[in-house]
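Written out below as structure tokens is the structure these notes cover.
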Amino acid sequence: MKGGRLQLERKHEDYFTKKIFRKQFVPAIISACGLAFGDMMDGIVVGQRMGVTGLAAISLALPSFMVMNVLMHGLGLGGAIRFSGLMAKGKKEEGIRGFQGILSAALIISALLSIGANLFMTPLLALLGTTEADGALFAVSRTYLQIILSGMPLFFTAYVMNYFLRNDDSEKLAGFGFTVGNLSDIVLNVVFVLLLDGGAAGAAWATLAGQLISICVYLPGFSGKTHSLRLLPFCPDSKGSLSCFKAGFASSSQYLFSMVFLLCANRVLLRSMGSVGVAVFDVVQNVSFLIIYLYDGAVKAAQPLLSTYCGEHNRPGRRCTMRLALSRGLTAGGMVALVTACFPQSICLVFGITDSKALRTGAYALRVYCVSALLAGVCILLEGCYQACGEEKKAYLITILRGAAVLLPVTLLFSAWGGRFFWWLYPVTEVLTLLIFAGYCRYTAGRQEESEEGRVYTATIHNKYEELSSLLSEIESFCKRWEAAAKQIYFVTMTVEELCAAIMQNGFGETDGYIQITLVAEAGGAFSLHIRDNAVSFNPFSLYTSRLGGDEKVNPDALGILVIREKAEEFFYRRYQGFNTLVVRI
């Protein structure tokens, strides 16, 4: 019987993971495309209207966006990971206060940076690579940056809200808001720049308007019975904001390294190839945004699931999620890279590059970049997955390798060679990063996983009572292995039996159902039970008792649940990603 049940578990262990990931993936990819086209639209419309000078100005502004990305992604991602972990443990109120604390920190930091940047705009532009002696390039860059940096709080608010909504079972709203905002950015770019001839200022105002529209779409996700997150009452807990940023910094630090790379590349290309080189570099960067955002979309789809599974200690689910993120993400990014490699000159024309020599340079640069696209995808997807799993060392290693330790020396080396050699820094950086990371993983393999896996029991069963009987026998053996007292063993098995039986009887009806059970032997001697099922919305703890007159009348089906509620240290239910999830600490 045991062998048969284990075979069943292997057959159905990914039932929940694949369905949840699919629900997250489509909205995330749509959002990624919307974000990419929104970012690309500035370059497209400004390039079409202002040519190489406009493209060069947009490229010079990119390091400023990287600074914003470091902070808003660090706060948003780190806070969202913490929120998912708290919700998986049933600590809803603490999670809400943490969200409000992160949002407060984001608003304060962005406002201070916005004021400082506008006070020191001329030195900032000099740092970016342009001075008043550059004439039109300086003027266009100044106009664009002043507007963008003044609206910095809008960026921070929109991104933090999006991260948290994705972790609160509101990925559709997050994806919809992101897409609507970026589509608005695209439409307004056409109106302000092409129709009204607003130039760089029009492109900047369109970008800010898109962020404001996204925020307005997100607001319903912070009220109502189906959402956990709340803006009011506003009781922020900022104590964990720094630790959240540290957790998210392993991923967001890539933008800090990107800033250094962009500063170096812009200066090198201005010196060696003039505005044409910087304009071609901007086209390559815009194409890379689309491909990288698709990879980031796959990571965003996987992150809530990975963070939840980490809270549940569900290692098989984590492995399945990582495989799905890699396969789906690489497929999406690879398709864009293939199209780019086939039609590079057409892409350059879209961005307003028409000179024959510049077209040849742009086509060569794009094809070389496409060589690195899949390798970059592996790095980005692994880094994001490790970050979501709380393995910051691995995530940070990938980030620092491809963002600084490998990228910057390779950039300096290929810059010295100049010409066509410069563009080969992309594939060389990705290859060296993967080789070094693979060596690190081989050196550190298997040091912690074995001890953690031994403390976790995971199984998936049908809604059949005979499978439940076999499950209880294995759970009893698992508890004995960790030297649980007889009374505790009895209560653990009773809890599993009563909850699963209640779900089978009241939740499934005639449908074919699955129940996933994860039992964790904690270091302090307690057991943490996580149950997920695909039944209709049903909370076993909603079974109640009532008193009539002087006699106590008890619903027989609720008697066991009543005992669990009284004896368990903690219990928590929520409907997440279309499935019921229960957490009971025994």
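Quick note: the sequence shown uses the numbering used here, first residue -16, plus one each step. Glycine residues also receive a C-beta, built at the ideal position from the N, C-alpha and C atoms. Nothing here was measured: the structure is a model prediction, and the numbers come from that model.
- Grouping DSSP H, G and I as helix and E and B as strand, with all else coil, what is R(-7)? Translated into positions along the sequence shown, residue -7 becomes position 10. Reliability fails at R(-7), whose pLDDT of 41 lies under 50, so the model's placement of it is uncertain and the value that follows must be treated cautiously. Note: R(-7) maps to helix in three-state DSSP.
- Query: If we count Cβ pairs, one from each stretch, closer than 8 Å, do we get three or more for the region 152 to 163 versus the region 196 to 216?
  - Reply: yes
- Would you mind giving the Cβ-Cβ distance between L171 and A189, rounded to the nearest angstrom? I have them listed as a contact below 8 Å. Taking the first residue of the sequence shown as 1, we reach residue 171 at position 188. Taking the first residue of the sequence shown as 1, we reach residue 189 at position 206. Correct: roughly 4 Å between the Cβ atoms.
- Message: According to DSSP, is I514 part of a helix, a strand, or is it coil?
- Response: On the sequence shown, residue 514 is found 531 positions in, with the first residue counted as 1. I514 falls in the strand class under three-state DSSP.
- Task: Tell me where the beta strand (DSSP E) around V567 begins and ends.
- Result: Translated into the one-based positions of the sequence shown, residue 567 becomes position 584. Per DSSP, V567 belongs to the beta strand (DSSP E) from F562 to R568.
- Would you grab the beta carbon distance between T304 and T0 for me? Rounded to a whole angstrom, and I think it's under 8 Å. As a working note, residue 304 is residue 321 in the sequence shown. As a working note, residue 0 is residue 17 in the sequence shown. Yes, T304 and T0 are in contact; Cβ-Cβ is about 6 Å, under 8 Å.
- Message: Going by DSSP in three states, H296 sits in which element: helix, strand or coil?
- Response: Counting from 1 along the sequence shown, the entry for residue 296 is found at position 313. In this structure, H296 counts as coil in the three-state DSSP scheme.
- Message: Could you check whether the region 98 to 108 touches the region 259 to 271, counting it as contact only if at least three pairs of C-beta atoms, one from each stretch, sit closer than 8 Å?
- Response: no
- Message: Please identify the residue among E77, A39, G81 and L54 whose C-alpha is closest to the C-alpha of L108.
- Response: For this step, residue 108 is matched to residue 125 along the sequence shown. Comparing Cα positions, the closest option is A39.
- Message: Taking the alpha-carbon of S241 as reference, which of R125, Y409 and F121 has the nearest alpha-carbon?
- Response: As a position in the sequence shown, residue 241 is number 258, starting the count at 1. It is Y409.
- Relative to the C-alpha of P287, which residue among V566, A11 and L565 is closest? Working through the sequence shown from its first residue, we reach residue 287 at position 304. When only C-alpha atoms are compared, the closest one is A11.
- Item | Cutoff 6 Å; reference V389; Cβ partners in own chain excluding five residues on either side | Translated into positions along the sequence shown, residue 389 becomes position 406. Counting only Cβ-Cβ distances below 6 Å, and skipping sequence neighbours, we find T412, L415 and T416.
- Query: Which runs of the beta strand (DSSP E), 3 residues or longer, sit entirely within the region 454 to 529?
  - Reply: 497 to 504 and 510 to 516
- Query: Considering R557, what are the terminal residues of the beta strand (DSSP E) in which it resides?
  - Reply: The sequence position of residue 557 within the sequence shown is 574, counting from 1. First-last of the beta strand (DSSP E) with R557: E553 to Y559.
- Message: Please list the terminal residues of the continuous beta strand (DSSP E) segment that includes A116.
- Response: Numbered from its first residue, the sequence shown carries residue 116 at position 133. Element bounds for A116: n/a, residue is neither H nor E.
- Task: Look up V389 in the DSSP assignment and say whether it is helix, strand or coil.
- Result: Indexing the sequence shown from 1 puts residue 389 at position 406. V389 falls in the coil class under three-state DSSP.
- Message: I need the DSSP call for I444, collapsed to helix, strand or coil.
- Response: What you label residue 444 is simply residue 461 of the sequence shown in a count that begins at 1. In the structure shown, I444 sits in a strand (DSSP, three-state: E or B).
- Message: Determine whether the beta carbon atoms of L191 and I91 lie at a separation below 8 Å.
- Response: For the purposes of this step, residue 191 is identified with residue 208 of the sequence shown, where counting begins at 1. For the purposes of this step, residue 91 is identified with residue 108 of the sequence shown, where counting begins at 1. In this structure, I91 does not lie closer than 8 Å to L191 by Cβ.
- Query: Excluding five sequence neighbours on each side, which residues of the same chain lie with their C-beta closer than 8 Å to the C-beta of K(-6)?
  - Reply: Looking up residue -6 in the sequence shown gives position 11. Residue placement at K(-6) is flagged as unreliable, the pLDDT there being 41, under the threshold of 50; a coordinate-derived value is accordingly withheld.
- Query: With C-beta atoms as the reference, is G61 less than 8 Å away from G231?
  - Reply: Translated into positions along the sequence shown, residue 61 becomes position 78. Translated into positions along the sequence shown, residue 231 becomes position 248. Yes; because the gap between Cβ atoms is below 8 Å, this pair is in contact.
- Query: Do you know how far the Cα of R302 is from the Cα of E433?
  - Reply: For the purposes of this step, residue 433 is taken as the residue at position 450 of the sequence shown. For the purposes of this step, residue 302 is taken as the residue at position 319 of the sequence shown. Caution applies to E433, whose pLDDT of 49 falls short of 50 and renders its modelled position unreliable; the value that the coordinates give is listed next. If I take the Cα positions, the gap works out to 15 Å.
- Opening and closing residue of the alpha helix (DSSP H) in which P216 lies: As a first step, residue 216 is located in the sequence shown; it is residue number 233 there, counting from the start. It is not in any alpha helix (DSSP H) - P216 carries neither H nor E in the DSSP assignment.
- Task: Using DSSP bridges, identify the partner residues of V439.
- Result: Along the sequence shown, one-based indexing puts residue 439 at 456. V439 is bridged to V503.
- Could you tell me whether the Cβ atoms of V263 and A341 are closer together than 8 Å? Translated into the one-based positions of the sequence shown, residue 263 becomes position 280. Translated into the one-based positions of the sequence shown, residue 341 becomes position 358. Contact: yes.
- State the DSSP-derived secondary structure class of T0, mapped to helix, strand or coil. The count along the sequence shown starts at 1 and reaches residue 0 at position 17. Helix at T0.
- Member of K463, S167 and G280 whose CA lies at the smallest distance from the CA of G21: In the sequence shown, the residue the question calls residue 21 occupies position 38. Among K463, S167 and G280, the Cα nearest to that of G21 belongs to S167.
- Query: Straight-line CA distance for G(-14) to I169?
  - Reply: Counting from 1 along the sequence shown, the entry for residue -14 is found at position 3. Counting from 1 along the sequence shown, the entry for residue 169 is found at position 186. Confidence at G(-14) is low in this model, with a pLDDT of 40, below 50, so its placement is unreliable and the value that follows should be read with caution. Whole-angstrom Cα-Cα distance: 57 Å.
- Classify P106 as buried or exposed, calling it buried when 16 or more other Cβ atoms lie within 10 Å of its own Cβ. For this step, residue 106 is matched to residue 123 along the sequence shown. Looking at its Cβ environment, which holds fewer than 16 other Cβ atoms inside 10 Å, P106 is exposed.
- Task: Using three-state DSSP, classify S355 as helix, strand or coil.
- Result: Counting from one through the sequence shown, the residue named residue 355 turns up at place 372. If DSSP states are grouped into helix, strand and coil, S355 belongs with coil.
- Message: In this structure, how does DSSP classify S221 when only helix, strand and coil are distinguished?
- Response: In the sequence shown, the residue the question calls residue 221 occupies position 238. Coil.
- Message: Give me the residue from R568, N563, G561 and R557 with the minimum Cα distance to K75.
- Response: Against the sequence shown, residue 75 aligns to sequence position 92. K75 has its Cα closest to that of R557, out of R568, N563, G561 and R557.
- Query: Do I569 and E549 have their C-beta atoms closer together than 8 Å?
  - Reply: Numbered from 1 along the sequence shown, position 586 holds the residue referred to as residue 569. Numbered from 1 along the sequence shown, position 566 holds the residue referred to as residue 549. Not closer than 8 Å, so no.
- Task: Please state if the CB of R438 and the CB of V479 are separated by a distance shorter than 8 Å.
- Result: The sequence position of residue 479 within the sequence shown is 496, counting from 1. The sequence position of residue 438 within the sequence shown is 455, counting from 1. No, they are not a contact pair.
- Query: Who are the near neighbours of A187 in its chain, counting only those whose CB is closer than 6 Å to its CB and skipping five residues on each side?
  - Reply: Reading the sequence shown from its first residue, position 204 is the one you call residue 187. Around A187: Y127, I130 and I131.
- Task: If I'm right that L58 touches F228 with Cβ under 8 Å, what's the distance once you round it to whole angstroms?
- Result: Position 75 of the sequence shown holds residue 58. Position 245 of the sequence shown holds residue 228. About 5 Å separates the two Cβ atoms, so the contact holds.
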